[in-house]
Each structure stands twice: as C-alpha cells, then as structure tokens.
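For reference, the structure discussed in these notes is given below.
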Amino acid sequence: MTQSTIMRRVTYRTRDAGVISICPADVNSGIRFARRDIGGEDGVVPADWRHARSAGDDLDLVNEAGVRVGKVSRVLAALKVCGINNAVIEVGAETLDIDSADFDGLLGVLEKCGCLRQADDCCGVTLGKCAAVEAGGSSAVALPAARLIVELFVESELCEGGWCLVVFDEQLKSGAAGGYDFGIHVKGGRLPRELVYRQMLSALGLLALRGLCGDMQLRGVNFTPAVGLKLLKLVDR
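With my numbering applied, the sequence shown covers 44 to 280.
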C-alpha cells in the first residue's frame, strides 16, 4: 500500500481558528496535531480513534497528557479527500472551528501543493470483519471494501420513503464550482447540502483516524461520530 504526505509545508489562515500549518511527515507516522501554544511531546495529539471523543456533529482528540484539539473532522476530511496519510498539523488554538468556506479554502491549498508518494514495506490493511451497531433504531455497518466508498443513508423528508443514499467516492475530486460537491452524489431525491456536508465530514474524519486502513466502507443511518467510534472499536477488537 503506497502512502502519501504533503509535498511541502503549507500554511492556511482560518477565519476563527488562527493559522494552521500542515507539514510533511515520515511514512507510517500517520496524522498528528501539534499545539504550538504547549510545545514538546505533551503538545502532540495523534489523530487516532483511541484518542477521539464525540462532540456533537464533530470530533475532538485528547492525548494521554489531557491536551485537547477540538473539532478536527473538517481538517481530517480535507486530508482524506486529498489522499494524505502522513502529516503534522501545527495549530495555535485548542478548537479548530473551521467553517465551510475554510474547508473549501484548505482543500484548494492542499490540492495546489500536491502529494509526495512514499515507499511502504507494510501490507495494505483493510477491515478483517464486518461490525454493526444500533443507530437510531437502524443499524450502522462497517465492511471491508476494494476501495474507499462511503455510503450513508440520511433521513430526509424531501426524499421518497424518507431516506437518501449519499455516496462519496475517493477517486472523485472537488468540482470547479466548489461548495459541497466534492465527490458527493445524492441518490433517491433532493437533500439539504448542509446535512450532507455534516454527515460526510463525520464519516471522512473517522476514516482518516483509521490510519493505514484505507480500503474501508461505512454504511449508516443518521451517521454520527458517536456511532462511527463504536464501529471502529468493534472492528479493532
């Protein structure tokens, strides 16, 4: 399995979370956040599901020293969309309150910079088994897959039967129009884009926490970070 890091250090100034710098990292090192205001090893927070905490529609990360980086799903989703497996993200704030405009801007910066392919002696990793948890009366499922496809059944009164199937395909890139159209297709009817956006960021952020496990499929009804974390815990037993 070939991994990728960012080609060079890039810096992006957000509206509310200050300056974020994304730096290249070694193969197999994964994604790590580094709090500039704390420094040292205590300020490093790995983006691993074992450090993840559900925070409503978003995800927080807390390391062993109790250092927190909040609302990380949008940054993790941007890295996932751009195919970046290893990176150090330097932040100066505890909470990364990144809105949709910042997300689109960060995607543009990452895509313009490009990725550096890295050699990897490890075998590709996928899920070894299927797992399911209850999610709002229905089941959310994690499955092995040949390539990353995330399918979410999202409740919507605008859809026939009350449900839509939302598909994100990693082989699709963001469209020139921007917005929420980065590889997202809605089948079965109209769906409010903001709802699609929140659901997909949750799923993509959780997939980024899986590290080398890129060939993974998540299916869920009203998918939330809390449901996704339960799934990841089940498949890692």
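Beta carbons: idealized from backbone N, C-alpha and C, even for Gly.
Please read all numbers here as calculations on a predicted model, not as lab measurements.
Counting the other CB atoms within 10 Å of its CB gives T48 a total of 16 or more, which places it among the buried residues.
The shortest CA-to-CA distance from D85 to any of A108, A269, R51, F266 is the one to A108.
The three-state reading of DSSP puts C156 in helix, counting H, G and I together. Per DSSP, reduced to three states, the secondary structure at S64 is strand.
Listed in chain order, the alpha helix (DSSP H) elements of length 4 or more contained wholly in the segment 67 to 134 are 116 to 124. Within the model, the alpha-carbon separation for L274 versus A251 is close to 14 Å. Here DSSP, grouped into helix, strand and coil, assigns E237 to helix. Contact between V112 and V88 holds: their C-beta atoms lie close to 5 Å from each other, under 8 Å.
Residue range 46 to 49 is occupied by the beta strand (DSSP E) that includes T48. Taking all protein chains shown into account, G248 has 16 or more neighbouring C-beta atoms within 10 Å of its C-beta and is therefore buried.
Proximity of the segment 145 to 156 to the segment 67 to 82 falls short of the contact definition, fewer than three beta-carbon pairs being nearer than 8 Å.
Between F266 and the set A90, V131, L244, the nearest pair of CA atoms involves L244.
Beyond the five residues adjoining it in sequence on each side, A174 comes within less than 8 Å, by CB distance, of V184, A185, L274, L277, V278 in the same chain, given in chain order. Between the C-alpha atoms of G148 and R52 there is a straight-line separation of about 16 Å. Per DSSP, the unbroken beta strand (DSSP E) holding R56 starts and ends at 53 to 56. In the structure shown, A269 adopts helical secondary structure according to DSSP, grouped into three states. The alpha carbon of N129 has as its nearest neighbour, out of V62, I74, D142, the alpha carbon of I74. Inter-residue distance for D100 and S143 is about 14 Å (C-alpha atoms, whole angstroms). Of the residues A95, L139, W92, the one whose Cα lies closest to the Cα of R56 is L139. Residue pairing by DSSP places Q161 opposite Q46 in a beta bridge. In the assembly as shown, A246 is a buried residue. Its beta-carbon has 16 or more other beta-carbons within 10 Å. It is roughly 14 Å from the alpha-carbon of I141 to the alpha-carbon of S64. Per the DSSP secondary-structure output, A251 pairs with nothing in a beta bridge.
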